[in-house]
Amino acid sequence: MRIVLCYPVGKKHIDQIQAAAPDFEVVNAGQERIDELLPTADILIGHAKVPVNWDRVLEAGKLRWIQSSAAGLDHCLVPGVIESDDIIVSSASGLFAPQVAEQTFSLLFGVLRRAPLFFRAEAKREFVRLPTDDLRGKTVGIVGLGGNGRFLARVLAPWDVRIIATDYFPVDCPAEVSQLWPADQLDRLLGESDVVILTLPLNGDTKGVFDAERFATMKRGSYLINVARGSVVQEKALCEALASGHLAGAGLDVTEVEPLPPESLLWDDPKVMISPHVGAQSARRVDDSTALAVINLRRYQSGLPVYNRVDKQLGFPHPSSVYRGQSD
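Those letters in the sequence shown? Residues 33 to 360, per our numbering, in order.
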């Protein structure tokens, strides 16, 4: 039996995985060999960022479990995997919530405090005072209250804001959240929010959900922060909402097309702050990914349910299965 790795592991990480699964051969494919070696895997741990021939993987019939090193699963939730009763999928949902929250704050305060304008002035050596905005007293709407959304609500709460949220599973409302509504109440959230933060998954229901109609539903002068997936937002509609002044600004860690093309209007908009999909980056990322993989490997071999097991139709785990730092 073989475990194939596809994330930037070092020797210590390979040794940890091997120690947790001594009956398996552990092979580090990296991005360079993942397409070649994935058909030989019983277990995949990682995240293929290069094209993979999933038809060949499914025809081989060996793969039984994918432990993704990412929260987003569009890299592996192809139709054949979704339809397979033999392949389970688990994610890194919530594992990097602190990092995503930090990136959210950098974008949020950047657009509120007009950092793009000040950066432009700095580049021209212009010491110019410009109007800024405040977070205090605003209503913040979080779209998708999973692992990232819940952590974000916790760290936002001390800023004297009202927090509202929507989620597919509107259960166990955190104390920091004033209202938690079902996902179909998105328009209600948009109409009440001064800041809208996207932490929702990408699936068939959410792709392109932020279109011209949705932006029109948002409050005039509100802000959009996207640390989810770029494809949940239609860039053309976003650009139009910014150009008209309906949106006061946007902070984007993800974009509809990545890398963002040089000709995109977003680059030159002084109301927009862009980072290159680094929300989950961390000096501890590989260590933490390996720690979760080791915990889940032990559970998998013992016949216990793995943490973060994904509902493959929805594209994310049920809240009851999300890893919250358990050390078993």
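For each residue, glycine too, the CB sits at the ideal point set by N, CA and C. Treat the numbers as computed from the prediction; the structure is a model and nothing was measured.
- Ser-263 counts as buried, since no fewer than 16 other beta carbons sit within 10 angstroms of its beta carbon.
- DSSP, read as helix, strand or coil, puts Pro-130 in helix.
- The C-alpha of Asp-165 is placed about 25 Å away from the C-alpha of His-309.
- Under the three-state reduction of DSSP output, Glu-272 falls in the helix class.
- Taking a 10 Å sphere around the C-beta of Leu-162, we find fewer than 16 other C-beta atoms and assign the residue as exposed.
- Cβ-Cβ distances below 8 Å link Lys-303 to Val-143, Pro-148, Leu-274, Leu-279, Ala-280, Gly-281, Ala-282 in the same chain, with the five nearest sequence neighbours on each side left out; the list follows chain order.
- Beyond the five residues adjoining it in sequence on each side, Thr-322 comes within less than 6 Å, by CB distance, of His-45, Gln-48 in the same chain, given in chain order.
- Shown here, Asp-343 sits in a strand according to DSSP, grouped into three states.
- Runs of the alpha helix (DSSP H) spanning 4 or more residues and lying entirely within the segment 55-90 occur at 62-69, in chain order.
- In this structure, Ala-129 and Ala-102 do not form a Cβ contact; the two beta carbons are roughly 13 Å apart against a cut-off of 8 Å.
- Per DSSP, reduced to three states, the secondary structure at Gly-173 is strand.
- Here Tyr-255 carries a strand assignment [DSSP, helix/strand/coil].
- Under the DSSP definition of a beta bridge, Ala-282 partners with Leu-256, Val-304.
- Within the segment 156-216, the runs of beta strand (DSSP E) at least 3 residues long that lie entirely inside it are, in chain order, 171-175, 194-199, 211-214.
- Ranking Leu-188, Leu-184, Gly-181 by CA distance to the CA of Leu-167 puts Leu-188 first.
- Under a 10 Å Cβ-count criterion, Trp-97 is classified as buried, with 16 or more other Cβ atoms of the shown protein chains found around its own Cβ.
- Listed in chain order, the alpha helix (DSSP H) elements of length 4 or more contained wholly in the segment 215-246 are 218-224.
- For the pair of segments examined, the segment 328-344 was found not to touch the segment 180-198: the number of CB pairs separated by less than 8 Å stays below three.
- Straight across, the Cα-Cα distance linking Gln-217 with Arg-316 is about 36 Å.
- Between the alpha carbons of Pro-111 and Asp-237 lies a gap of roughly 15 Å.
- Residue state for Arg-34 is assigned as strand, using DSSP reduced to three classes.
- Secondary structure note for Val-121: its beta strand (DSSP E) is the uninterrupted segment 120-122.
- Following the DSSP letters along the chain, one finds Gln-313 in no beta strand (DSSP E), marked with neither H nor E.
- DSSP places Ser-100 within a strand segment (E or B) once states are collapsed to three.
- In the three-state DSSP reduction, Val-264 falls in the helix class (H, G or I).
- Under the three-state reduction of DSSP output, Pro-40 falls in the coil class, being neither helix nor strand.
- Taking the C-beta atoms as reference points, Val-36 is found no nearer than 7 Å to Leu-95.
- Here Ser-122 really is in contact with Ser-100; their C-beta atoms are around 7 Å apart, less than 8 Å.
- Sequence-distant Cβ neighbours of Pro-214 in its own chain, meaning closer than 6 Å and more than five residues away, are Pro-202.
- By the Cβ-count criterion, Ala-92 is exposed, with fewer than 16 other Cβ atoms from all chains shown falling within 10 Å of its own Cβ.
- Rounded to whole angstroms, the separation of the alpha carbons of Tyr-39 and Phe-183 is 25 Å.
- In the structure shown, Pro-148 falls within a helical segment according to DSSP collapsed to helix, strand and coil.
- Comparing alpha carbon positions, the residue from Val-82, Pro-71, Val-265, Gly-104 closest to Arg-88 is Pro-71.
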